[in-house]
Structures are given as structure tokens and as C-alpha cells.
Amino acid sequence: MAVVEERAGYKKTKLGWIPELWGVEEIGKYANIQTGNKDTKDKEENGKFPFFVRSQKVARINTFSFNGEAVLTSGDGVGVGKDYHYIQGKFDYHQRVYALTDFDEDLYGKYFYYYFSCFFYRRVYRLSAKNSVDSVRMEMIQKMNLPIPPIQEQKAIANCLSTWDTAIEKQTQLIQAKQTQKKALMQQLLTGKKRLPGFIEEWEEYKFNEIVERVTRKNKELDDTVVTISAQRGFVLQEDFFNKRVASKTLSNYTLVHKGEFCYNKSYSKGYPMGAFKRLDDFEKAVVTTLYICFKLKKNVNSDFMNQYFNGGRMIKGLMRIAQEGGRAHGLLNISLPDFFNLKVMIPEKKEQTAIANILNTADKEIELLQAQLTQLQQQKKGLMQQLLTGKKRLKY
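According to my numbering, the sequence shown is numbered sequentially starting from 2.
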């Protein structure tokens, strides 16, 4: 005989176990769903109203086609199933953005926003014929089942999650402010415009090859820690960056880099118009493509100072003078080795380098701590959504 599972105060539904007082209905019965009639080219840089396009970033426009409460999501593009917006007021939206409006009196709009943004992607992915999601059909939204708690419980859930959103927003703003402060500090300290107390000696100009030594050691050890330089993330394992190993099977011709040594990636990307310098910090040793220019510092320079110097963009002007775009579609800059190692750098003596590096490193640690706290808040919110929106955890209301 089959055992029938029972849970006190809960009932089994097509959404799984939910509280007895909750209902289950299709979204199409509780909200109006439509797409916009504007195109991306209609945006205005300083427009009066929010303009929702197929992105998490909200543009501006001088027209509005709706005035009220709405939840919006992308119908196609990179934001499919991942971009969600909640608004109350006047706005306009792209022809491939869905707006859910005119919510039934038994559905609280902000509660719906949280549930929809938490669970819609997995539905779209499941209904997609591919391993990726390219577009959303209206019936995917209309036919999605939605748990309907009593309206006061919906409001309690929405208010609780809004508290976390407020904390996340404040933390994000604090990080941005600290990053702006650090950037200003770098512009002052790494140029000599602002001097630290006790340092009066003139900064000196060096050719790059006077303070660094090129690294060309071959991977005779056949180390298989293959890394790629990400301009935003630094050295990343190649399989993590590309989701696969793209290096050749024979790694003996790759360059072996030791911890504390630097590499310059000549490929430019958004925010890094002249490529990126990165120090190997997270691995004792690793192998890189010979397309990178690798080097180590001589004894007259502080490693942390030079790391900040590179991250502060102090090499960009010199690189612009010697670089020409190569013929490769992926944007590899054509920089010769003699030109690279003859670049000019203006730096202070080592004691001042160390003092500057200590200040900037402290600023980095403050930002890292704030970012860790932000991650914690985001994870807490994610866990709360999974609990509250499924009825596993209840709130008093």
C-alpha cells in the first residue's frame, strides 16, 4: 500500500507543498501582459521618464506609454529570464519587453515581482528547446502558476524582502563611493601631485627595462595550470573563463610564470582600451600563452606599488603612443617588444613607493570587506526568497 504523505497546515499542489490558505493560479488570470512599441534608438540620454529596454540598465526617454504599477522583463536578448524591474509611475518600454500591469486585487504587485524574478527563469529554461534561452513567448508568462497567499501575507513578504533590497542598495552605494575615493587617491598619489609627509625627493624617469626584467622561461616542468588574463578578474583558470580548456595539448612552449610576476595582455576590452597588466597572486606558478608579455620586477621597485601603478592606468598614455591595432578580429594590439620595454615610467624612490602602496592597499581591503558584506546580504536575500515565496517559512501579519 502506498504511503500518502501529509504535512500539517500544508497541501500538495502542482507547485509542491504550500500552506493550506494559499491558492495557485495562472499569472494570466491576475495581470494584464503586453509588450511595448518603442525601439532602442528612441532613448534620450537625459529623458524625463524611465525607458525599459532589454537590459538590467534602465535608459531614459521623453515619452511615456503607461502610468502605474508594473513588473517588466526582457522578451529576448542577453537579459532573457534574468532582467526584472518593478516600477510605480510613468514609463515607456521596448517592443520586446513585457510589462505586467493591472494586477488583480488579490495579488500584491511587489510580492508578484519577487516571486516572478525568483522563479520565472527556471520555467523559461525548462520550456526552451535549447540549452540556452533565446526568447520568451507570452504564453510562457500567462500560463505560469503562481502561489497566492492571503493579501496581507503577500504584503508582509514583500516588505521583508524590500528591507533587504534597501540594505543591498545602500551597501552598493557605499562601495561605489569608496571606489571613487580610491580612484581619486590613485590619481593624486601615483602621479606625485600629492606627496606623503616626509618625502621630498624628486621622482625619477626610467625606461621600463631599467625596473623590470622579461620572463621567457619555458614550461619544461609541463605544469598544467593554464591561466588566462581577465581584465576585470585577473588571472583565471582557463577552463573557468572559457568553460573549457582551449590551450594546445602540448604545453611545453607556454611561458611558466611564478607567483609575484606580471603579465601584460595585449587584447583590449571594455574599460581597458590598451590591454591589462596583472600580477600572479592566486597561484604559486602557472602557464600562459606566449602572446602575453611577462616580466618580473628588479630590486629597486616595490611590487605592490607597481601593481597599483598598473591598475591605476599609468601605462595607458605610453602604450597609446606605441600601439597599433593588429589585424585580428578579437582586438589584439600590435606592440613590439623593444617599444614595450622602452616605455617611460615616472616613479619615486622605493621607500615612498612602499608608503603609497600601503595606503592604496588599505583602501582595497576596505572595499573588499564591503563587497564581502554585500555578497552576504545578497545570499541572505536569496535564501529568504526561497523560504518565504514557497511558504516554507511564514511571517506574522
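Ideal Cβ positions, reconstructed from N, Cα and C, are used throughout, including at glycine.
Just checking: is the beta-carbon of Tyr114 within a distance shorter than 8 Å of some beta-carbon in chain B? In summary, chain B is missing from the structure at hand, where a single protein chain is found.
On the criterion of 16 or more Cβ atoms from any shown chain inside 10 Å, does Thr256 qualify as buried, or is it exposed? The residue you call residue 256 lines up with position 255 of the sequence shown. Result: buried.
Compute the Euclidean distance between the alpha carbons of Arg329 and Gln239, then round it to the nearest angstrom. Looking up residue 329 in the sequence shown gives position 328. Looking up residue 239 in the sequence shown gives position 238. In this prediction, Arg329 has a pLDDT of 47, which is less than 50 and means its spatial position is unreliable; what the coordinates show is noted afterwards. Those two C-alpha atoms are separated by around 21 Å.
Taking C-beta to C-beta, are Arg395 and Pro20 nearer than 8 Å? Numbered from its first residue, the sequence shown carries residue 395 at position 394. Numbered from its first residue, the sequence shown carries residue 20 at position 19. In this structure, Pro20 lies closer than 8 Å to Arg395 by Cβ.
Could you say which of Leu375, Asp107, Phe52 lies nearest to Gln96 if we only look at CA atoms? Within the sequence shown, residue 96 is the residue found at index 95, counting from 1. Comparing Cα positions, the closest option is Phe52.
Do Trp23 and Pro150 have their C-beta atoms closer together than 8 Å? Reading the sequence shown from its first residue, position 22 is the one you call residue 23. Reading the sequence shown from its first residue, position 149 is the one you call residue 150. In this structure, Pro150 lies closer than 8 Å to Trp23 by Cβ.
Counting pairs of beta carbons, one from the region 71-78 and one from the region 99-109, are three or more of them closer than 8 Å? yes
Going by beta-carbon coordinates alone, are Tyr109 and Ile152 separated by less than 8 Å? For the purposes of this step, residue 109 is taken as the residue at position 108 of the sequence shown. For the purposes of this step, residue 152 is taken as the residue at position 151 of the sequence shown. Contact: yes.
Tell me whether Lys15 is buried or exposed, calling it buried when 16 or more other Cβ atoms sit within 10 Å of its Cβ. Within the sequence shown, numbered from 1, the residue matching residue 15 stands at position 14. Label assigned to Lys15: exposed.
Excluding the 5 residues preceding and the 5 following Val59 in the sequence, name in chain order all residues of the same chain whose CB lies nearer than 8 Å to its CB. If you number the sequence shown from 1, residue 59 lands on position 58. These residues qualify, in order along the chain: Pro51, Phe52, Phe53, His86.
Beta-carbon within less than 6 Å of Gln380's beta-carbon, same chain only, minus the 5 sequence neighbours each way: which residues are those? As a working note, residue 380 is residue 379 in the sequence shown. So no residue of the chain qualifies.
Identify the continuous beta strand (DSSP E) that holds Phe200 and give its terminal residues. The residue you call residue 200 lines up with position 199 of the sequence shown. It is not in any beta strand (DSSP E) - Phe200 carries neither H nor E in the DSSP assignment.
Tell me where the beta strand (DSSP E) around Lys208 begins and ends. Along the sequence shown, read from residue 1 onward, the residue named residue 208 stands at position 207. Per DSSP, Lys208 belongs to the beta strand (DSSP E) from 205-208.
Does DSSP put Leu238 in a helix, a strand or coil? By 1-based counting over the sequence shown, the position of residue 238 is 237. Three-state DSSP puts Leu238 in a strand.
To test your reading of the DSSP string, which unbroken beta strand (DSSP E) runs of 3 or more residues are found completely within the region 118-199? 146-149
Bridge partners - Val288, DSSP secondary structure assignment: Position 287 of the sequence shown holds residue 288. DSSP lists Val227, Leu257 as partners of Val288.
Could you round the C-beta distance between Val288 and Thr226 to whole angstroms and report it? I think they count as a contact, below 8 Å. Locating residue 288 in the sequence shown gives position 287, where the first residue counts as 1. Locating residue 226 in the sequence shown gives position 225, where the first residue counts as 1. With a Cβ gap of about 6 Å, Val288 and Thr226 count as contacting.
Environment of Ala3 [buried if 16+ CB atoms lie within 10 Å]: Position 2 of the sequence shown, counting from 1, holds the residue named residue 3. Per-residue confidence for Ala3 stands at a pLDDT of 49, beneath the threshold of 50, marking its modelled position as unreliable; the derived number appears in the next sentence. It counts as exposed.
Own chain partners of Gly392 with C-beta closer than 8 Å, once the 5 adjacent residues on each side are dropped: Against the sequence shown, residue 392 aligns to sequence position 391. Counting only Cβ-Cβ distances below 8 Å, and skipping sequence neighbours, we find Tyr11, Trp18, Ile19, Pro20, Trp23, Pro148, Pro150.
Per DSSP, which residues does Lys111 bridge with? Please list them. Within the sequence shown, residue 111 is the residue found at index 110, counting from 1. Answer is none; Lys111 lacks a bridge partner.
Take the Cβ of Leu370 as the centre, count every other Cβ of all protein chains shown within 10 Å, and call the residue buried at 16 or more, exposed below. Looking up residue 370 in the sequence shown gives position 369. Burial call: exposed.
Pairs of beta-carbons, one from the region 212-229 and one from the region 188-195, closer than 8 Å: are there three or more? no
Evaluate Ala185 with the Cβ neighbour count: other Cβ atoms within 10 Å of its Cβ, from every protein chain shown; 16 or more gives buried, anything less gives exposed. The residue you call residue 185 lines up with position 184 of the sequence shown. Exposed is the call here.
Taking the alpha carbon of Lys91 as the point to measure from, which residue in Asn68, Ser163, Cys295 has its own alpha carbon closest? Counting from 1 along the sequence shown, the entry for residue 91 is found at position 90. Minimum Cα distance to Lys91 is reached at Asn68.
Alpha-carbon to alpha-carbon, Gln35 and Lys42: As a position in the sequence shown, residue 42 is number 41, starting the count at 1. As a position in the sequence shown, residue 35 is number 34, starting the count at 1. When rounded, the distance between both Cα atoms is 20 Å.
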